[in-house]
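I have placed the structure first, in the form of structure tokens, so that the comments after it can refer back to it.
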Amino acid sequence: MRYLPLSHNDRTEMLAKIGVRHVNDLYKDVPATALLKEPVDLPDHMSEMQVDRDFRAMAEKNIPAGSHPFFCGAGAYRHYVPSTVDYMIQRGEFLTAYTPYQPEISQGTLQALYEFQTQVAQITGMEVANASMYDGSTACGEAVLMARRASRKKKAILSGSLHPQYIEVAKTATKYTDDVTVVNPVDIYDADALIDQIDDETSCVVVQNPDFFGNLQDYSKLAEALHARKAILVMVVTEVVSLGAVRSPGSMGADIVVGEGQSIGNGLSFGGPYVGLLATRQKLVRTMPGRVCGETVDADGKRGYVLTLSTREQHIRREKATSNICTNAGLCTLAFTIHMTLLGEKGFRHLARLNHAKAVKLADKLAAIDGVEVMNDNFFNEFTVSLPIDAARAIERLAEKQILGGVPLSRLYPDNEKLKKQMLVAVTETVTDGDMDRLVSELKEQVNAK
Amino acid sequence: MLNKQGRQTDIVNLTELPQDSFATHSGNRGLEQDELLIYEIGDTERTGVDLEEVENFENRLGGITREDKIGLAGLSEPETMRHYTRLSRMNYAIDMGLYPLGSCTMKHNPRINEKVARLPGLADIHPLQPMSTVQGALEAMDKLAHWLKTLTGMPAIAMSPKAGAHGELCGLMAIRAALDKRGENRSIVLAPESAHGTNPATATLCGYKVKSIPATENGHVDLEALKEALGPDVAAIMLTNPNTCGLFERDVIEIADAVHDIGGYFYCDGANFNAIVGKVRPGDLGVDAMHINLHKTFSTPHGGGGPGAGPVVLSEALAPFAPVPYVVHSKQGFALVEHMEDGSDSFGRMTAFHGQMGMNIRALAFMMSHGSDGLARVAEDSVLNANYVMASLQDDMTVSYPGPCMHECLFDDRFLNGSGIATLDFAKAMIDEGYHPMTMYFPLVVHGAMLIEPTESESKQSLDQFIGSLRHLVAEAKAGNTELFSGAPYLAPLRRLDETLAARKPVLRWTKPE
Amino acid sequence: MTTYYSEEHEWITVEGDSGTVGITDYAQNALGDIVFVEVPEVGNSYDKGDEIAVVESVKAASEIYAPISGEVIAVNDALEDEPALVNAQAETDGWFYKVTISDADELKELMDADGYKAFTAGLE
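Protein chains in written order, with the working numbering: chain A, 839 to 1288; chain B, 3 to 516; chain C, 3 to 126.
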């Protein structure tokens, strides 16, 4: 067995040193009835080549995004990740290191986290950020709980245009606490409509920008209305590249910003692992969940970094912790940071403009098809398209032609009849003119055949 | 022809420079290089990417275009490579040496796992692509589910939890949902004193109060105290098995029966599954729910703190309450159930999309590589290695509980009594010996705990070196050589860091100097 | 002006119908370097025994329980910037909050300086 270094002789010698005859003697506390007499009913070990072959066989049954025109988004976006990123995160010193609890021998991870926190604070327009959460959706659930701690009130109001799975995750997070979570229908998302719902019990309003359907809004007025009631604005960003072109949540008055950071540095990976962002104002830091890295000095006065404010966390505060979270997105945050460093401000803004420009181009092309309508007045790199035909079926047919044309809204809102003919179309820098033309012509054909 | 380029190559007459007087201009010391922050090296104009030109277009951002300076520092590609390479060299890692962190299972991370997780057909697929285009991915999820269910002897599994603690939350929510369905409003979760901090934190999120169960002097759960604490108000017991003292709870079946008798559920924290994988099935012990840290037992890389993955296996009783989504299989192939159907007992959704696919693939590759036979050997070797360390050090350090232990062995600080050296100092001195410290001050049930978990990845030779280092440190401690410990580490990239300063005046990001 | 002590290591100095509350020197010594103090909100009322403040060191957090019932009338804002005051001057400048005394009888359940001294000596 290639992963197990002990030889038969080693084992014999070691058992002798311990003073037992057989390794099963070490399992003497296991009830005899529970110690398996036979191996479990699974295949025996395999060579590396066989494993490789088996996975290739499974991989080949899927249509990967990179080889085909691809327009899926809805909270996960395909961007080009520079080769440097994946090379660097595979360095053993990053890949195979533990959580940096021993700062003297973890400065690599810690300094990278400090850079990550700075980058996240900058792009969201906030003062501070933590060292990441599991993903955007769980960060959103945590933000609702954090808003409750910070405001000492219990009623969270969720915009109807928040990602529907984020809504479900937030509902789960507060399911067994005594919080009240108000979920709006899809058509209640306008800032004015949300302002009308705020009352003295309100802890926070959660909005998304660009929202699930791709729409952009200025939420400044909502922030003011919330602050007047000592409540909190939580803003969700599921496409962080938008922050290179769209006004930051911080500039609109958000108190907590959560985001899905996957777009930077991380692949689609069928939904995970991703990287949850959580940024806030300095004064709310102690109500924040999750790890955070801070600057300090060592015994010789040299600058260094440590995990800090850990009295908020489960390993110290136990039942009074701000969260039960015990990991961060680790390597995915590193990928984010390296990609963002390669981009820099110049590259990040350029990337955002490029995404927007391409999306505008495709939106215009699709809107030109008879019977097809782009529903958005404004958008960043994703918009909602209304078809004269069932959207899920249209997307299946596109897939038969090796085009991954978008996400049908019925996949996320199976019970909403009004949305059956609508789909989300995302356009990133990876989309070529040829990709757009294939999508447009195939869709036109389907619409005309109706 | 005489070549006058000859140089002196012997090392006899070289000058000796005292180490401590050696200050370099750069601050670097040979291969040990200091590194500034990206914000101190780069600037907002520099970039390491080339992007295509943006064609003319009409802005559709609805008047909320970002005008302010963001402040992101950029670096060119060679600078980026150098920056992060230099940072990487300040880290300890499994690839560099033994990582004896008890309760953390820092084992070798095979690179085939990384390779297959990056196959475009598995890595470059979107979670909401049509299911017809991701049949192989769903097959992989289903296959991993089958392996985990078989290894644990449990009938059902929730695959979406993103880490161990998230899995705990999943398991406890299923328990709460099951009790709610029975119309029972129980309020207490029992957990032993030695429990991980996530246990009480999780219980609180489910609306439960935690009641602590003491340990016996042998490090096991006190069965009598437990039975006394059981009552109609107890929703569940959360038990780590093998426990955090590195011992298998020998009364586990009796505990399970007692909890079931009062109508409660048995949550098993599966953090220490490595000791028993392929040898014992938690399903045979009466477990109702257990998370599996794929980054521990099944070797997905720790990555400096994540990402993890924490699938949860469930008993028949809890299966109906599992979260969405889950994979189903029919003649038409695989499909995902992503929404709760009418009348469903599922407690809801834990995350967007379907969980940590990238981690699942790596874990499955690890399992398939080992197979049924190899996984049992993993457990045996991890237990053998831990017992070998314990047996080798029992005369030098103080073993907290008599063995045999499982995959980790617990020492306490009695052997340091009177030396003026604390557990922390002892552990920091290990850094100078070239080792990552063991887990310290956990579990809380012994004083100055030192929990050592060598894992199955270590050879006997490697263990003997490690044991030698620890013996040396113990001898130095007993000889009163306190300086070796009180200022340790001396040889790491940094000395001990001022954590008080960091917490009193938190500086959590770089800001432009005034 | 009399100072009383609780078994939870709080002190309260009574002046008229209000008192100033903090933690004892013994307590700060046991806690180690204090990095943060969460003080109550002015205007809130607490019953004796309620959790009223939290003191954090780097690796531990300790709840502080109200030694007597009453309404918080002032808090020590200096602790926000300088939690180290609690280490340096636990029983003077490192005070936590001032409170109205709603039930003077509760003071009888507390110890005087000598009583507390004997109490802590018993803990060693």
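Every residue gets a Cβ at the ideal spot worked out from N, C-alpha and C, and that includes glycine.
By the criterion of at least three beta-carbon pairs nearer than 8 Å, the region 1110-1120 of chain A is not in contact with the region 79-94 of chain B.
Between residue 1250(A) and residue 908(A), the C-beta gap is not smaller than 8 Å, which leaves the two residues out of contact. Residue 13(C) sits in a strand when the DSSP states are folded into three classes. Residue 332(B) sits in a strand when the DSSP states are folded into three classes.
Residues of the same chain with a CB within less than 7 Å of the CB of residue 844(A), apart from the 5 flanking positions on each side, do not exist. Not a single C-beta of chain C is nearer than 8 Å to the C-beta of residue 1005(A). Contact annotation: the region 1066-1073 of chain A does not touch the region 1206-1215 of chain A, with fewer than three C-beta pairs closer than 8 Å. Taking a C-beta cut-off of 8 Å against chain A, the contacting residues of the region 239-271 of chain B are 249, 250, 251, 252, 254 and 255, listed in chain order. In the DSSP assignment, residue 452(B) falls outside any alpha helix (DSSP H) and lies within the beta strand (DSSP E) extending over 452-454. For residue 62(C), the chain A residues whose C-beta falls within less than 8 Å of its own C-beta are 1149 and 1154, listed in chain order.
In the DSSP secondary-structure assignment, residue 882(A) is bridged to 373(B).
Straight-line measurement puts the Cα of residue 1038(A) at about 58 Å from the Cα of residue 400(B). Between the region 410-418 of chain B and the region 450-459 of chain B, the count of Cβ pairs shorter than 8 Å is three or higher; the stretches touch. Within a 10 Å sphere around the beta-carbon of residue 925(A) sit fewer than 16 other beta-carbons, which makes this residue exposed. One alpha carbon belongs to residue 1019(A), the other to residue 422(B), and they sit about 54 Å apart.
Rounded to whole angstroms, the gap between the alpha carbons of residue 906(A) and residue 102(B) is 46 Å. Residue 875(A) sits exposed, since fewer than 16 C-beta atoms from the chains shown fall within 10 Å of its C-beta. The criterion of a C-beta distance shorter than 8 Å is not satisfied by residue 985(A) and residue 1163(A). According to the DSSP assignment, residue 53(C) belongs to the beta strand (DSSP E) that extends over 53-59. Residue 1137(A) carries a coil assignment under DSSP once its states are collapsed to helix, strand and coil. Spanning the alpha carbons of residue 271(B) and residue 1238(A) requires a straight line of approximately 45 Å.
Leaving aside the five residues that flank residue 183(B) on each side, the residues in its chain whose CB is nearer than 7 Å to its CB run, in chain order, 347. Burial of residue 210(B) is indicated by the presence of at least 16 other C-beta atoms within 10 angstroms of its C-beta. Annotation: Cβ neighbours of residue 58(C) in chain A (cutoff 8 Å, chain order): 1149. Taking C-beta atoms as the reference points, residue 1179(A) and residue 40(B) count as a pair closer than 8 Å. Residue 1224(A): not part of any alpha helix (DSSP H); member of the beta strand (DSSP E) spanning 1220-1224, first to last residue. Spanning the alpha carbons of residue 1277(A) and residue 1000(A) requires a straight line of approximately 27 Å. Within a 10 Å sphere around the beta-carbon of residue 850(A) sit fewer than 16 other beta-carbons, which makes this residue exposed. For residue 108(B), the nearest beta carbon of chain A is closer than 8 Å to its own beta carbon.
The shortest CA-to-CA distance from residue 356(B) to any of 325(B), 195(B), 380(B) and 344(B) is the one to 325(B). Segment contact: the region 32-41 of chain C against the region 52-64 of chain C, three or more CB-CB distances shorter than 8 Å; contact assigned.
By the rule that beta-carbons nearer than 8 Å mark a contact, residue 501(B) touches chain C. As a beta-bridge residue in DSSP terms, residue 993(A) pairs with 1018(A) and 1040(A). Residue range 79-90 is occupied by the alpha helix (DSSP H) that includes residue 87(B), with no beta strand (DSSP E) assigned at that position.
Here the region 61-78 of chain C lies against the region 1148-1155 of chain A, with 3 or more beta-carbon pairs under 8 Å apart. For residue 225(B), the closest Cβ of chain A is not nearer than 8 Å.
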